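Visitor: Sharing a structure below in structure tokens format, with a few things to ask.
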Amino acid sequence: MSGRRAPGAVPSAQPLLAFRRWRPAGFGPVNWRGLWAIYYGYGVRRFLRFGLETLAGPLVSSLLFLLVFVVGQRDLGEMLPGVGLTEFIAPGIVLYAVAYTAFQNSAAMIVMDKMEGVIADVQMAPVSPLEIVSGFVLSAASCGLASGTLVAVGTAALVEYSRFDASLIFGFSVATALLFALMGTIAGLWAERWDHYGAVEGFVIVPLGLLSGTFFSVARLPEGFREWIYFNPVFYAVDGFRAGFIGQAETSPALGAALLIALNLALAVVAWRLFAAGYKIRP
Amino acid sequence: MEHQILSLSATRVRQIGRVNWRGLWTLYMKEVRRFLNVFTQTLLAPMVTTLLFLAIFTLALGGGGREVGGVAFATFLAPGLIMMAMVQNAFANTSSSIVIAKVQGNIVDVLMPPLSAGELTLGIAAGGVTRGVMVGLAVGLGMWIFVPVTVHNPLFIVYHAVMASLMLSLLGMIGGIWSEKFDHIAAVTNFVITPFSFLSGTFYSIERLPDAWQVVAHFNPFFYMIDGFRYGFIGHADGSLVLGLAVMALFNLFLFAVTYRMFATGYRLKP
């Protein structure tokens, strides 16, 4: 009790409990510690705990895919002028690993936590919906990029990349990782059971990835289907990413980048609003 | 009154003959219902994925009317892809059934009933074979729309479809019993099943391989089932057909014996 008191005045009653002390410390505009906890503790660490399954699995299947092309299919000519089949396909396989891992991480994580009821632990914490979504998406995207880096190193054993344009490679892989992490977040929120998750994977993600021009140039498509591939956003991602390795693209990478940024922003808003509204995660 | 109570206590135990047919049927139907319950994931998704594989491989590799084994590339590829879908799904069915039951602890519900080790092996394996063959039919019908499918010898098709599904069902059970966590079975799938099925001549005629690898390919049982199955469609085989029939039969007998012993001794099943 410091401070001077007027003589004869009764000391003002102290509050029974100092509630003010218990209020959480001011977080400032962003709860950085909470964000980090969700990003690392909740997402990345869980991914690394299953290291064999999550990192080695995509690596092996991607390399097998590539090996099938390298071993069995020599002398097949060029896919684009001056670009052989394997150099054409390898970047797409790397990007597919990025996309698939990013999707799987965010979607499976959310579905698992919803099934086990522990998603409430995240919702109860003093983090805003935007921070939760950012943590989920960034962690899934990082896992996707980690997986893709490993696959890229693995493919370098089978394919000789002629060039390495860091800005294209980095930019398009990050955009793809974020895109699929966001799609995974939205799909995870929507899915109520594991077979819903499986349906999204089997009927949306795999077709988007396989029909993205990873394995064929647009010119190889039959006449009636050529226009359709331009509606697949993954096509632009693969095309721009591949341009970083082979130095030529089928569409303009700038257009692809703009499209991916716009799509990412739109999906980020959707994911954020769904979390804020508690879509299928709040009773 | 007295009489009725006594008659209750005198209810006879159901006599089970040499084979517990009803138990076997119940176990089999449990396995079949398990995957039919989520048929979008277990039948439709593999069908879509396999058709996409057919599309991308034909587009990437079949350019310029290329022929493999005397037929168009898509016709060569189709049977291999059907087989790949069948074996992956047969494996997934039995392995997931056992691993999930082990992790959740309800494997006792399968081990407690009066079913012998042979009946357990047969019932669960038959469930996997059913899924494999159903996926094969679904994929085959889907492909029939896009690719001209010819049938050369239906006996080879049926024999190799059933034998390959059985082989992978048994492998799935062995893998499932061995696994203690989901990670373990995922590792078996990623590092054993996927490599064997990819490198078995599904996507190329093994004549294209370097000589040393051709010899290695002949030691891969997956090669014989795809080769024999494809012979049933296109009438051309890379390896010996009789050897293929024998390898499949003997390998299945061996795997059945292993699985039987695992159930009989309770390896990683009973405390």
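In the order they appear, the protein sequences are chains A and B. Residue numbering for the first sequence follows our numbering, starting at -1 and increasing by one per position. Residue numbering for the second sequence follows our numbering, starting at 60 and increasing by one per position. Backbone N, C-alpha and C define an ideal beta-carbon position, used for all residues, glycine too. Note that the structure is a prediction, hence the values are computed from the model and not measured.
#1: Tell me A131 (chain B)'s beta-bridge partners as DSSP assigns them.
#2: Just curious, the alpha helix (DSSP H) that E76 (chain A) is in, first and last residue?
#3: Is it buried or exposed for L284 (chain A), if we count other Cβ within 10 angstroms and need 16 for buried?
#4: In its own chain, which residues sit with a C-beta less than 8 Å from the C-beta of M60 (chain B), not counting the 5 before and 5 after it?
#5: Less than 7 Å between C-beta atoms, sequence neighbours within five positions excluded: which residues of the same chain meet that for V158 (chain B)?
#6: Examine the Cβ distances between the stretch 194 to 213 of chain A and the stretch 227 to 235 of chain A and report whether three or more of them are shorter than 8 Å.
#7: Quick one, which residues of the stretch 245 to 256 of chain B are near chain A if we go by CB-CB under 7 Å, in chain order?
#8: Mind listing which residues of the stretch 264 to 275 of chain A have their C-beta closer than 7 Å to chain B's C-betas, in chain order?
#9: Could you tell me how far apart the beta carbons of F281 (chain B) and S299 (chain B) are, in whole angstroms, since I believe they sit closer than 8 Å?
#10: Under 7 Å between C-beta atoms, does R218 (chain A) make it to chain B?
#11: Can you grab the Cα-Cα spacing for the pair M181 (chain A) / A105 (chain A), in whole Å?
#12: Tell me whether G200 (chain A) sits in a helix, a strand or coil according to DSSP, three-state version.
#13: Which runs of the alpha helix (DSSP H) at least 4 residues long sit entirely within the stretch 37 to 120 of chain A? Give them in chain order.
#14: When we look at the beta-carbon of F292 (chain B) and count the other beta-carbons within 10 Å, is it buried (16 or more) or exposed?
#15: So D322 (chain A) contacts chain B; which residues on that side make the cut at Cβ distance below 7 Å?
#16: Since T153 (chain B) meets chain A, which of its residues come closer than 8 Å, beta carbon to beta carbon?
#17: Could you tell me which of B:T253, B:L111 and B:M226 sits nearest to F213 (chain A), measuring between CA atoms?
#18: Which first and last residues belong to the alpha helix (DSSP H) in which Y283 (chain B) is found?
#19: Can you tell which of A:A247, A:E199, A:L177 and A:V120 has its C-alpha closest to the C-alpha of W34 (chain A)?
#20: Cutting at 6 Å between CB atoms, please list the residues of its own chain near A323 (chain B), excluding the five before and the five after it.
#21: Note down, in chain order, each residue of its chain lying with its Cβ closer than 7 Å to the Cβ of F310 (chain B), except the 5 sequence neighbours on either side.
#22: At the level of alpha carbons, what is the spacing between V135 (chain A) and I117 (chain A)?
#23: Should N262 (chain A) go down as buried or exposed, given a rule of 16 or more other Cβ atoms within 10 Å for buried?
#24: Using a Cβ cut-off of 7 Å (strictly closer), state whether V66 (chain A) contacts chain B.
#25: Could one say the Cβ of A296 (chain B) lies closer than 7 Å to chain A's Cβ atoms, at least one of them?
#26: Between the stretch 258 to 276 of chain B and the stretch 82 to 99 of chain B, do at least 3 Cβ pairs fall closer than 8 Å?
#27: Excluding five sequence neighbours on each side, which residues of the same chain lie with their C-beta closer than 6 Å to the C-beta of M77 (chain A)?
#28: For R327 (chain B), which residues from the same chain have a beta carbon less than 6 Å from its beta carbon, with the 5 sequence-adjacent residues on both sides left out?
#29: Against chain E, does A305 (chain B) count as a neighbour if the rule is that its beta carbon must be under 7 Å from one of theirs?
#30: Applying a beta-carbon distance threshold of less than 9 Å, which residues of chain A neighbour F113 (chain B)?
#31: Can a CB atom of chain A be found closer than 7 Å to the CB of L333 (chain B)?
#32: Report yes if the CB atom of F150 (chain B) is closer than 7 Å to the CB atom of I252 (chain B), and no otherwise.
#33: Determine the DSSP secondary structure at R21 (chain A), reduced to helix, strand or coil.
Guide: With the structure as the only source:
#1: B:E126
#2: Careful: E76 (chain A) lies outside any alpha helix (DSSP H), inside the beta strand (DSSP E) at E76 to L78.
#3: What the structure shows of chain A is the stretch from -1 to 281, and residue 284 (chain A) is not part of that stretch, so it cannot be assessed.
#4: Bear in mind that the predicted position of M60 (chain B) carries a pLDDT of just 48, short of 50, making it unreliable; the figure below should be weighed with that in mind. Nothing meets the Cβ criterion.
#5: G235, S238, F241 and I244
#6: yes
#7: A245, A246, N249, F250, T253 and P254
#8: Nothing from the stretch 264 to 275 of chain A brings a Cβ to less than 7 Å from some Cβ of chain B.
#9: Not a contact, Cβ separation roughly 16 Å.
#10: R218 (chain A) has a beta carbon lying within less than 7 Å of a beta carbon in chain B.
#11: 8 Å
#12: Helix.
#13: 43 to 47, 55 to 70 and 83 to 114
#14: buried
#15: Missing from the structure shown is residue 322 (chain A); chain A here goes from -1 to 281 and no further.
#16: The contacting residues do not exist; T153 (chain B) stays about 18 Å from chain A at best.
#17: Here the closest residue by C-alpha is B:L111.
#18: P280 to I293
#19: A:V120
#20: A176
#21: M226 and P280
#22: 15 Å
#23: Looking at its Cβ environment, which holds 16 or more other Cβ atoms inside 10 Å, N262 (chain A) is buried.
#24: yes
#25: no
#26: no
#27: L83, F86 and S215
#28: I236
#29: Included in the structure are the protein chains A and B, with no chain E among them.
#30: Looking at the sequence itself, residue 113 (chain B) is Leu, so the reference to Phe does not match. The premise fails here: L113 (chain B) is roughly 10 Å from chain A at the closest Cβ pair, so nothing lies under 9 Å.
#31: A question about residue 333 (chain B) goes unanswered here, because the residues of chain B that appear run from 60 up to 330.
#32: yes
#33: Model confidence at R21 (chain A) stands at a pLDDT of 49, short of 50, so the residue's coordinates are unreliable and nothing is read from them.
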